[in-house]
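Following: one structure in structure tokens, then a few remarks.
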Amino acid sequence: MKRATPSRVLSLLKKSSSLSYAQLAENFTAPRSLADVLHSLENSETIVCDQRGKYQLSRRTQRLDQLRSFFERQYTGVAENARGLWHFRSLTPNSPPNVLIRGSKDLLNGEIVTIEIDEVDIDHYYGKVVAKIPAEDEASRAALALLTAYEVPHGNPWNPKRKRFSEFISEQSVQDRVDLRKYPFVTIDGESAKDFDDAVYVEPQTAGGWRMLVAIADVAHYVYPNDELDREARRRGNSVYLPDRVVPMLPEDLSNGICSLKPDLDRLVLVCEMQLTTTGKTEAFKFYEAVIRSAGRLTYSETVSVCRGEELRDRTPAINASLKAFYQAFRVVRQQREQRGALDFTSRETTVKVQNGEPIEVVAVRQNEAHQMIEEAMILANVCAAQHLQKNNLNPLYRVHTSPRPEALKELQSTLHQSHICKFDLEECNSQKIQYLLNELRRSSKDSWIWELQVLRAMHQARYSFLKNQHFGLALTEYAHFTSPIRRYADLHLHRLIKTTLKSSREKLKRDPELAYLGEDLSECERRATSVSRKVDHWLKCRLLKKMSGKTFGGVISGVEEFGIFVELDHYCVSGLIHVTDLGDDYYVAQGPVMQGTRSGVEYRLGERLQVVVVSVDVELCRIDLIESKPRQKRHEFRRGKLKFHR
Numbered sequence: 026m027k028r029a030t031p032s033r034v035l036s037l038l039k040k041s042s043s044l045s046y047a048q049l050a051e052n053f054t055a056p057r058s059l060a061d062v063l064h065s066l067e068n069s070e071t072i073v074c075d076q077r078g079k080y081q082l083s084r085r086t087q088r089l090d091q092l093r094s095f096f097e098r099q100y101t102g103v104a105e106n107a108r109g110l111w112h113f114r115s116l117t118p119n120s121p122p123n124v125l126i127r128g129s130k131d132l133l134n135g136e137i138v139t140i141e142i143d144e145v146d147i148d149h150y151y152g153k154v155v156a157k158i159p160a161e162d163e164a165s166r167a168a169l170a171l172l173t174a175y176e177v178p179h180g181n182p183w184n185p186k187r188k189r190f191s192e193f194i195s196e197q198s199v200q201d202r203v204d205l206r207k208y209p210f211v212t213i214d215g216e217s218a219k220d221f222d223d224a225v226y227v228e229p230q231t232a233g234g235w236r237m238l239v240a241i242a243d244v245a246h247y248v249y250p251n252d253e254l255d256r257e258a259r260r261r262g263n264s265v266y267l268p269d270r271v272v273p274m275l276p277e278d279l280s281n282g283i284c285s286l287k288p289d290l291d292r293l294v295l296v297c298e299m300q301l302t303t304t305g306k307t308e309a310f311k312f313y314e315a316v317i318r319s320a321g322r323l324t325y326s327e328t329v330s331v332c333r334g335e336e337l338r339d340r341t342p343a344i345n346a347s348l349k350a351f352y353q354a355f356r357v358v359r360q361q362r363e364q365r366g367a368l369d370f371t372s373r374e375t376t377v378k379v380q381n382g383e384p385i386e387v388v389a390v391r392q393n394e395a396h397q398m399i400e401e402a403m404i405l406a407n408v409c410a411a412q413h414l415q416k417n418n419l420n421p422l423y424r425v426h427t428s429p430r431p432e433a434l435k436e437l438q439s440t441l442h443q444s445h446i447c448k449f450d451l452e453e454c455n456s457q458k459i460q461y462l463l464n465e466l467r468r469s470s471k472d473s474w475i476w477e478l479q480v481l482r483a484m485h486q487a488r489y490s491f492l493k494n495q496h497f498g499l500a501l502t503e504y505a506h507f508t509s510p511i512r513r514y515a516d517l518h519l520h521r522l523i524k525t526t527l528k529s530s531r532e533k534l535k536r537d538p539e540l541a542y543l544g545e546d547l548s549e550c551e552r553r554a555t556s557v558s559r560k561v562d563h564w565l566k567c568r569l570l571k572k573m574s575g576k577t578f579g580g581v582i583s584g585v586e587e588f589g590i591f592v593e594l595d596h597y598c599v600s601g602l603i604h605v606t607d608l609g610d611d612y613y614v615a616q617g618p619v620m621q622g623t624r625s626g627v628e629y630r631l632g633e634r635l636q637v638v639v640v641s642v643d644v645e646l647c648r649i650d651l652i653e654s655k656p657r658q659k660r661h662e663f664r665r666g667k668l669k670f671h672r
């Protein structure tokens, strides 16, 4: 029988067996598989899903990629019962709308489940539960749900029968390495850090300047290309840090064991030794394999006292001398950073403290000069790594941050102008000009972070690429990641390349055709990890705020949309929505960064402070509904900034 073009598709149904098919009009003979159906309909007039989840006749040029993709992956979200029907609310964007769960007799309301879509009709998608997310407490529930939803590899996939690494290195592994165990290297990290992959030693030179040694854990000595550990590390891309756990890129006997530069233990490292001038420039550098013994595990809060000219009482004179030289070198290196125009955004980082699996408070993470000392040392080593490979005719995996799009800068300029913050010409913009703008914003506004956030949103995301390009944010012509091979696969790959240059035979890594996609893959892994970390953080903050419904908070308008205004709550650093219908008895229109009532003239402006009341909180979807504590009755006058026009 000749296959006819369907006039209407009633539904697409994926059965549990391989005989999936489409229910079509009577004069249409369906092929055996769903894939064949989709292929046969791809260039014909049929119905496809529009943005509202409805179906309509498509144009011939439209493709069924969206419809096909819904059948090819799993989704994780919340199961909710409403009037006897089980609805599915996905935890991730780009999920099918209007999903009903079938075969749900043993479901619990609010349970986190993973589903597969197996049918779609004109009104709904239908899914079946393929897994339930177990959780003992709220922190585990948030972590496991979002790790699964964003398809982040977690758990312990490593072969339990594999040989475990000892906590101690062998004498044989030390051979042919430079012995640096007499130098008082120290690690400087946060209080909760466990994997220490970098240590620093600095000494002044008699002719002026400094000798800086940055020692990085030699992970490549233990993890070989394409072995079991390497394949899993590449699949993960990086470690993921959450309030109640770390999802490591490497197994614990490596990440927290033989590779971690713990005090008073011999460790194998790859060293970047730099000669710094009195002006903070790198005059010369070299890389070599070495063995060190860390003389101390320092924290940022402990080290910052050195920046105030004090000595650490519980540390040896040699450690104090090295830290003093480190700080002196840092000050001139920091001046170099400022002169070249590297961007410096105000940090509003927070962390959620968890106790017995429940969030108990939100704590601001304060950055100090000790953070900056380590940051600048790592940047210097990363630049040297990129330059070293270039000189040896090897193509590194660059860390690329391209300049912002002109359209984004134009929109930023318009936002700042309409908000009466400043008039700033952003045409033909470079990083120095952006940094000058950031400095002006800090001088003009108490809540300058909201304007810095607008600047940040105009920037591109940094990514990995084998194609050389600038790092706009750091104002560098070449840059790569070298200093964190325990938690970033990009750094491990770079270590392997550097180590080939150190061998007299110039042994080359075996050519891997999949390396062409490494930059894209690792960039995606990084974005995925960032999304999970941010979402878990918001989830736990919403859990805290749910207990405070009805309470009043101060906040700043962080976004203006047609449907309402977003207000970021003080201290919690999470945004809630005041819906446009809750703004008052008026018709409100969003005009760029301003929401204005057409009759009353009442205005709500980006960056304006408000007192708001928490009305309701959806913990899993991280949605907070707010209302203004005292609705406005007259035209609002927003105080204008006093910045001049800059060219």
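Under the numbering used here, think of the first position of the sequence shown as 26, with each following residue one higher. Even glycine gets a Cβ: it sits at the ideal position worked out from N, Cα and C.
Three-state class that DSSP yields for residue i in the structure shown
i: Gln81; result: Since pLDDT at Gln81 reaches only 43, below the 50 mark, its modelled position is unreliable, and the value read off the structure follows with that caveat. In the structure shown, Gln81 sits in a strand (DSSP, three-state: E or B).
i: Trp564; result: helix
i: Arg259; result: helix
i: Cys297; result: strand
i: His485; result: coil
i: Tyr504; result: coil
i: Ala50; result: For Ala50, the predicted structure reports a pLDDT of 41, less than 50, and the residue's modelled location is therefore unreliable. The matter cannot be settled from this model.
i: Val599; result: coil
i: Leu267; result: strand
Sequence-distant residues of its chain with Cβ nearer than 8 Å to residue i (five each side left out)
i: Asn381; result: Asp162
i: Lys655; result: Gln636
i: Ser470; result: Ile446, Trp476, Gly632, Gly666
i: Ala350; result: Val227, Glu228, Pro229, Trp235
i: Glu51; result: In this predicted model, Glu51 has a pLDDT of only 42, less than 50, meaning its place in the structure is not dependable; the value taken from the coordinates is given anyway. Closer than 8 Å at Cβ, skipping near neighbours: no residue.
i: Glu383; result: Asp162, Glu163, Ala164, Arg568
Cβ-based burial, residue i [other Cβ within 10 Å; buried from 16]
i: His413; result: buried
i: Leu569; result: buried
i: Arg57; result: Low confidence applies to Arg57: its pLDDT is 41, below 50, so where it sits in the model is not reliable enough to give any reading.
i: His604; result: exposed
i: Gln364; result: exposed
i: Val388; result: exposed
i: Gln200; result: exposed
i: Asp263; result: Here residue 263 is Asn; the residue named in the question, Asp, does not match the sequence. Asn263 should be labelled buried.
i: Gly135; result: exposed
i: Ile213; result: buried
i: Glu308; result: exposed
i: Val390; result: exposed
i: Tyr249; result: exposed
i: Ser444; result: buried
i: Arg468; result: exposed
i: Pro159; result: exposed
i: Asp148; result: exposed
Neighbourhood of residue i by C-beta, 6 Å cutoff - its chain only, sequence neighbours within 5 removed
i: Phe283; result: For the sequence presented, residue 283 should be read as Ile rather than Phe. Same-chain partners within the cutoff: Phe190.
i: Leu205; result: Ala315, Ile317
i: Thr19; result: Any property of residue 19 remains undetermined from this structure, which presents the chain solely from 26 to 672.
i: Tyr613; result: Val605, Met620, Gly622
Continuous beta strand (DSSP E) stretch holding residue i: start and end
i: Trp111; result: 110-115
i: Met237; result: 235-242
i: Val592; result: 589-594
i: Tyr423; result: 423-425
i: Arg648; result: 648-653
i: Ile142; result: 136-146
i: Ile158; result: No beta strand (DSSP E) holds Ile158; DSSP gives it neither H nor E.
i: Tyr489; result: 488-490
i: Arg634; result: 634-643
Residue interval of the alpha helix (DSSP H) (run including residue i)
i: Glu314; result: Segment 307-318 is the beta strand (DSSP E) holding Glu314; no alpha helix (DSSP H) there.
i: Lys435; result: 431-443
i: Phe578; result: From DSSP, Phe578 is part of no alpha helix (DSSP H) but of the beta strand (DSSP E) over 577-586.
i: His518; result: 514-527
i: Asn106; result: Not the alpha helix (DSSP H): Asn106 falls in the beta strand (DSSP E), residues 99-107.
i: Met398; result: 394-416
i: Tyr175; result: Careful: Tyr175 lies outside any alpha helix (DSSP H) and carries neither H nor E.
i: Ala367; result: It is not in any alpha helix (DSSP H) - Ala367 carries neither H nor E in the DSSP assignment.
Same chain, Cβ closer than 7 Å to residue i, neighbours up to 5 away in sequence not counted
i: Arg270; result: Ala168
i: Val155; result: Gln99, Thr139, Ile140, Glu141
i: Ile404; result: Leu499
i: Gly579; result: Asp595, Arg634, Gln636
i: Tyr514; result: Ala258, Arg259, Gly262, Asn263, Met274, Leu547
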